[in-house]
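The next block holds one structure in the form of structure tokens; read it before the comments.
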Amino acid sequence: MKAEDAGMKKKQVVWLLCLGLAVILSFFGVYSLQDSPLRKKDLNAVSQKGKQHGISLGEHLSTSYRVDLPGLIEKRYIRVLTTLNRTNFYVANGQPVGFEYELLKGYEKFLNTNISDKNLQIVFEFIPVDRDELIPKLIQGYGDIAAAGLTITPQRNKQVNFTDPYLRGVAEVVVGRKKDTPLETVADLSGRKVAVRQSSSYFQSLKRLNQEFSRQGLDPVNIVTLSEDLETEDILEMVNAGSLPLTVADSHIAAAWKEVLPSLAVYDDIKLREGGDIAWMVRKGNPKLKKSLNRFLRTHKKGTLLGNIYFKRYYENAKRLKDPTDLEHWKKVRRYEPIIRKYADRYQFDWLLILALAFQESGLDPSRKSHAGAVGIMQIRPSTARDPHINIDHVEDVENNIHAGVKYLAFLRDHYFGAEDIRPRDRTRLALAAYNAGPAKIRRLRARTKKVGLDENQWFRNVELAALRSIGQETVRYVSNINKYYVLYQILEREQG
Numbered sequence: 070m071k072a073e074d075a076g077m078k079k080k081q082v083v084w085l086l087c088l089g090l091a092v093i094l095s096f097f098g099v100y101s102l103q104d105s106p107l108r109k110k111d112l113n114a115v116s117q118k119g120k121q122h123g124i125s126l127g128e129h130l131s132t133s134y135r136v137d138l139p140g141l142i143e144k145r146y147i148r149v150l151t152t153l154n155r156t157n158f159y160v161a162n163g164q165p166v167g168f169e170y171e172l173l174k175g176y177e178k179f180l181n182t183n184i185s186d187k188n189l190q191i192v193f194e195f196i197p198v199d200r201d202e203l204i205p206k207l208i209q210g211y212g213d214i215a216a217a218g219l220t221i222t223p224q225r226n227k228q229v230n231f232t233d234p235y236l237r238g239v240a241e242v243v244v245g246r247k248k249d250t251p252l253e254t255v256a257d258l259s260g261r262k263v264a265v266r267q268s269s270s271y272f273q274s275l276k277r278l279n280q281e282f283s284r285q286g287l288d289p290v291n292i293v294t295l296s297e298d299l300e301t302e303d304i305l306e307m308v309n310a311g312s313l314p315l316t317v318a319d320s321h322i323a324a325a326w327k328e329v330l331p332s333l334a335v336y337d338d339i340k341l342r343e344g345g346d347i348a349w350m351v352r353k354g355n356p357k358l359k360k361s362l363n364r365f366l367r368t369h370k371k372g373t374l375l376g377n378i379y380f381k382r383y384y385e386n387a388k389r390l391k392d393p394t395d396l397e398h399w400k401k402v403r404r405y406e407p408i409i410r411k412y413a414d415r416y417q418f419d420w421l422l423i424l425a426l427a428f429q430e431s432g433l434d435p436s437r438k439s440h441a442g443a444v445g446i447m448q449i450r451p452s453t454a455r456d457p458h459i460n461i462d463h464v465e466d467v468e469n470n471i472h473a474g475v476k477y478l479a480f481l482r483d484h485y486f487g488a489e490d491i492r493p494r495d496r497t498r499l500a501l502a503a504y505n506a507g508p509a510k511i512r513r514l515r516a517r518t519k520k521v522g523l524d525e526n527q528w529f530r531n532v533e534l535a536a537l538r539s540i541g542q543e544t545v546r547y548v549s550n551i552n553k554y555y556v557l558y559q560i561l562e563r564e565q566g
């Protein structure tokens, strides 16, 4: 049950940190005092509060307020709403990374140019939220800037103001797999499966394409809608593994991840939308903040950061998602399905979720043994199975192994995460994290999550973020992979009737 070591060698970490510093310095350049948006009148507003001013981090993250740049300077906090993914904002080796993070940390430095006292400097806090919450939470005052690689659209412009674009000419391109039959033209998408989130602009683009295909007498694209928990990077990873046939991504994201996921084929000539501009969002009542951001972007924007080696070296050694849809795997599924269904039903789990857990743990290999003593399909230790709460012996036997693993997961869910204010799906997600990292560690992570004003009862983008900061990527990738496998199994079950 102990997951694989996700750390990097010390030498590589040192090299990365040095390189990252060099990249950031070259990217943001040298700041002159006259370019800083803070003048004496702004500094006076901060100084009047002095060191006695200050609201706790938790209050800033959980309190709604809507003020423009002078008010933010007085508060000394700017809250950035973003999405937790491995392009825009992520935590690797305990350090925040990502395109949006690096660019906005440059703006933070830009704002603080004239403030020599570190106690008075403005601090940026990055708050990951669900993608469909970015605009509502910005409008409601739970953030001051929304930065998540969003394209400027007329619909969004009705709700918020966009800064000047920092990436121009972005296209929506089709992405497949090198081993599959290549696409020559957009018409080759007729009758093909393409997987996207329904909330994405890609879904709307595919619907428009289907209208065009209808006029031409072509079969429509078979649009497969995926869980809203998945980011574009997750879907690209699933295509790379061969679990999904085709998807759509913004051209700059596809280009970056093509360097990391070697099986991807990016069809740059098959564009569903062209000429997109990507920018940050602010509330319509914040003209001074928008003006300040635009002044920064005029001299510091750079669209090439995504493609440099700094990004690639962080993720090229990431553990690859496996393909749970190949023929040999499904032979195993059919072999163990009755047992998995039996105990999933007994302990009130979806059997496909238990299947996803088993695939993550062992690839459904009953002979698998870990160096930590975990055995079998569910990778459970005999000592854990003998605990009075589980009380199952002989876990080398396949049925006992599956029974013990499912019963242990149920115990974690009900004993540690059974409170009524935790949604059922998050009880399961927290239990999965505890299955990997241990319940005591997850309990500590939940306490840290609450301390910084996030929701200790939600795994994704909340406790998950505390885990990234405190214990690294191992458990985060573990739960994320199980979620992806679960989504894939659900798709397969729907298709098979």
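In the working numbering, each number is its position in the sequence shown, counted from 1, plus 69. We put the beta carbon where it would ideally sit given N, CA and C, even for glycine.
Hey, Phe-179 and Ala-348 are a contact pair by Cβ (cut 8 Å); roughly how many whole angstroms apart?
For the purposes of this step, residue 179 is identified with residue 110 of the sequence shown, where counting begins at 1. For the purposes of this step, residue 348 is identified with residue 279 of the sequence shown, where counting begins at 1. So it is not a contact: roughly 17 Å between Cβ atoms.
Check each candidate in Arg-455, Trp-326, Arg-246 and Ile-304 and name the one with the smallest Cα separation from Lys-476.
Residue numbering aside, residue 476 sits at position 407 when the sequence shown is read from its first letter. Among Arg-455, Trp-326, Arg-246 and Ile-304, the Cα nearest to that of Lys-476 belongs to Arg-455.
Can you round the beta-carbon distance between Glu-194 and Arg-148 to whole angstroms, since I take them to be within the 8 Å contact cut?
For the purposes of this step, residue 194 is taken as residue 125 along the sequence shown, with counting starting at 1. For the purposes of this step, residue 148 is taken as residue 79 along the sequence shown, with counting starting at 1. Correct: roughly 5 Å between the Cβ atoms.
With DSSP collapsed to three states, give me the class of Leu-90.
Your numbering for residue 90 matches position 21 in the sequence shown. Model confidence at Leu-90 stands at a pLDDT of 30, short of 50, so the residue's coordinates are unreliable; what they give is reported in the following sentence. Correct three-state label for Leu-90: helix.
Out of curiosity, what's the CA-to-CA distance linking Ser-320 and Thr-254?
For the purposes of this step, residue 320 is identified with residue 251 of the sequence shown, where counting begins at 1. For the purposes of this step, residue 254 is identified with residue 185 of the sequence shown, where counting begins at 1. Cα-Cα distance, rounded: 17 Å.
Just confirm the distance between the C-beta atoms of Glu-306 and Leu-330, as a whole number of angstroms; I'd bet it's less than 8 Å.
Position 237 of the sequence shown holds residue 306. Position 261 of the sequence shown holds residue 330. Sure, about 6 Å apart at Cβ, within 8 Å.
Examine the Cβ distances between the stretch 203 to 213 and the stretch 334 to 342 and report whether three or more of them are shorter than 8 Å.
Short answer: they don't touch.
Does the stretch 431 to 440 come close enough to the stretch 487 to 499 that 3 or more CB-CB pairs lie under 8 Å?
no
So, at 8 Å on beta carbons, what are the nonlocal neighbours of Val-444 in its own chain, with the 5 sequence-adjacent residues on each side left out?
In the sequence shown, counting from the first residue as 1, residue 444 sits at position 375. So the qualifying residues of the chain are Arg-437, Lys-438, Arg-450, Pro-451, Val-464, Glu-465 and Asn-470.
Assuming Val-239 and Thr-220 make a contact with CB atoms under 8 Å, what is their CB distance in whole Å?
Sequence index remark: in the sequence shown, residue 239 carries index 170 (1-based). Sequence index remark: in the sequence shown, residue 220 carries index 151 (1-based). The Cβ separation is near 7 Å, so the contact holds.
So within the stretch 220 to 282, which uninterrupted beta strand (DSSP E) runs reach at least 3 residues, ignoring any that extend past its ends?
236 to 246 and 262 to 266
Just to confirm the assignment: which complete beta strand (DSSP E) runs, minimum length 3, are found wholly within the stretch 280 to 365?
291 to 295, 316 to 319 and 333 to 347
How many angstroms separate the CA atom of Phe-282 from the CA atom of Ala-473?
Walking along the sequence shown from the start, residue 282 turns up at place 213. Walking along the sequence shown from the start, residue 473 turns up at place 404. The alpha-carbon atoms of Phe-282 and Ala-473 are separated by roughly 52 Å.
Determine the closest residue to Ala-427 out of Thr-368, Ser-269 and Tyr-554, with distance taken between C-alpha atoms.
Position 358 of the sequence shown, counted from the start, is the residue given in the question as residue 427. Of Thr-368, Ser-269 and Tyr-554, the residue nearest in Cα terms is Tyr-554.
Please determine, among Arg-200, Tyr-235, Glu-543 and Ile-196, the residue with the shortest C-alpha to C-alpha distance to Ser-268.
As a first step, residue 268 is located in the sequence shown; it is residue number 199 there, counting from the start. The residue with the shortest Cα to Cα distance from Ser-268 is Arg-200.
At 4 residues or longer, what runs of the alpha helix (DSSP H) sit wholly inside the stretch 414 to 461?
420 to 431 and 451 to 454
Let's test the definition: count the other Cβ atoms within 10 Å of the Cβ of Arg-496 and tell me whether it reaches 16, buried, or not, exposed.
Mapped onto the sequence shown, residue 496 falls at position 427. Buried: at least 16 other Cβ atoms inside 10 Å.
Anyone know if the C-beta pair for Glu-343 and Arg-155 falls short of 7 Å?
In the sequence shown, residue 343 corresponds to position 274, counting from 1. In the sequence shown, residue 155 corresponds to position 86, counting from 1. It is not a contact, given that the beta carbons lie outside the stated cut-off.
Just to confirm the assignment, what range does the beta strand (DSSP E) spanning Glu-147 have?
The count along the sequence shown starts at 1 and reaches residue 147 at position 78. According to the sequence provided, residue 147 is Ile. The question's Glu does not apply to it. Following the DSSP letters along the chain, one finds Ile-147 inside the beta strand (DSSP E) bounded by residues 146 to 151.
Could you pull the start and end residues of the alpha helix (DSSP H) that Phe-195 belongs to?
Taking the sequence shown and counting its residues from 1, the one referred to as residue 195 is at position 126. Phe-195 -> not in any alpha helix (DSSP H); beta strand (DSSP E) instead, spanning 192 to 197.
Assign Gln-164 to one of three DSSP states: helix, strand, or coil.
What you label residue 164 is simply residue 95 of the sequence shown in a count that begins at 1. In this structure, Gln-164 counts as strand in the three-state DSSP scheme.
Looking at the strands, I want to know which residues DSSP matches up with Ala-215.
For the purposes of this step, residue 215 is taken as the residue at position 146 of the sequence shown. Note: Ala-215 sits in a beta bridge opposite Leu-150 and Met-350.
Would you identify the three-state DSSP class for Tyr-558, choosing helix, strand or coil?
Counting from one through the sequence shown, the residue named residue 558 turns up at place 489. Three-state result, Tyr-558: helix.
Is the distance from the Cβ of Leu-313 to the Cβ of Val-290 below 7 Å?
To locate residue 313, count along the sequence shown from 1; it is residue 244. To locate residue 290, count along the sequence shown from 1; it is residue 221. No Cβ-Cβ contact shorter than 7 Å links Leu-313 with Val-290.
With a threshold of 6 Å on Cβ separation, who are the neighbours of Ser-332 within its own chain once the five nearest residues in sequence on each side are excluded?
Position 263 of the sequence shown, counted from the start, is the residue given in the question as residue 332. Setting aside the 5 residues that flank it on each side, Ser-332 is surrounded in the same chain by Arg-246, Lys-247 and Asn-309, each with a C-beta closer than 6 Å to its C-beta; the list follows chain order.
Is it true that the CB of Leu-534 sits closer than 7 Å to the CB of Pro-508?
Residue mapping note: residue 508 aligns to position 439 of the sequence shown, counting from 1. Residue mapping note: residue 534 aligns to position 465 of the sequence shown, counting from 1. The criterion of a C-beta distance shorter than 7 Å is not satisfied by Pro-508 and Leu-534.
On the three-state DSSP scale, how would you describe Tyr-134?
In the sequence shown, counting from the first residue as 1, residue 134 sits at position 65. Correct three-state label for Tyr-134: coil.
Looking only at its chain, what residues have a beta carbon closer than 6 Å to the beta carbon of Leu-422, apart from the 5 residues adjacent to it on each side?
Here residue 422 is taken as the residue at index 353 of the sequence shown, counted from 1. If we look at Leu-422 and ignore the five residues flanking it on each side, its Cβ neighbours are Tyr-555.
Using CA atoms only, rank isn't needed, just tell me which of Asp-249, Ala-318, Ile-304 and Arg-237 is closest to Gln-273.
Along the sequence shown, one-based indexing puts residue 273 at 204. Taking only the C-alpha atoms, the option nearest Gln-273 is Ala-318.
Please report the distance separating the alpha-carbon of Phe-365 from that of Tyr-170.
As a working note, residue 365 is residue 296 in the sequence shown. As a working note, residue 170 is residue 101 in the sequence shown. Their backbone Cα atoms lie some 15 Å apart in a straight line.
How many angstroms separate the CA atom of Phe-529 from the CA atom of Ile-511?
Taking the first residue of the sequence shown as position 1, residue 529 is located at position 460. Taking the first residue of the sequence shown as position 1, residue 511 is located at position 442. Computed Cα separation, rounded: 13 Å.
Could you tell me the distance, in whole angstroms, from the CA atom of Val-263 to the CA atom of Ile-292?
Reading the sequence shown from its first residue, position 194 is the one you call residue 263. Reading the sequence shown from its first residue, position 223 is the one you call residue 292. Roughly 5 Å between the two C-alpha positions.
Write down the C-beta distance between Val-548 and Leu-501 rounded to the nearest angstrom, noting that I regard them as a contact closer than 8 Å.
Numbered from its first residue, the sequence shown carries residue 548 at position 479. Numbered from its first residue, the sequence shown carries residue 501 at position 432. Contact flag correct, Cβ pair sits at about 5 Å.
For Val-351, which option in Ser-270, Tyr-558 and Lys-206 has the closest C-alpha, if you only look at C-alpha atoms?
Reading the sequence shown from its first residue, position 282 is the one you call residue 351. Checked all of Ser-270, Tyr-558 and Lys-206; the closest Cα to Val-351 is Lys-206.
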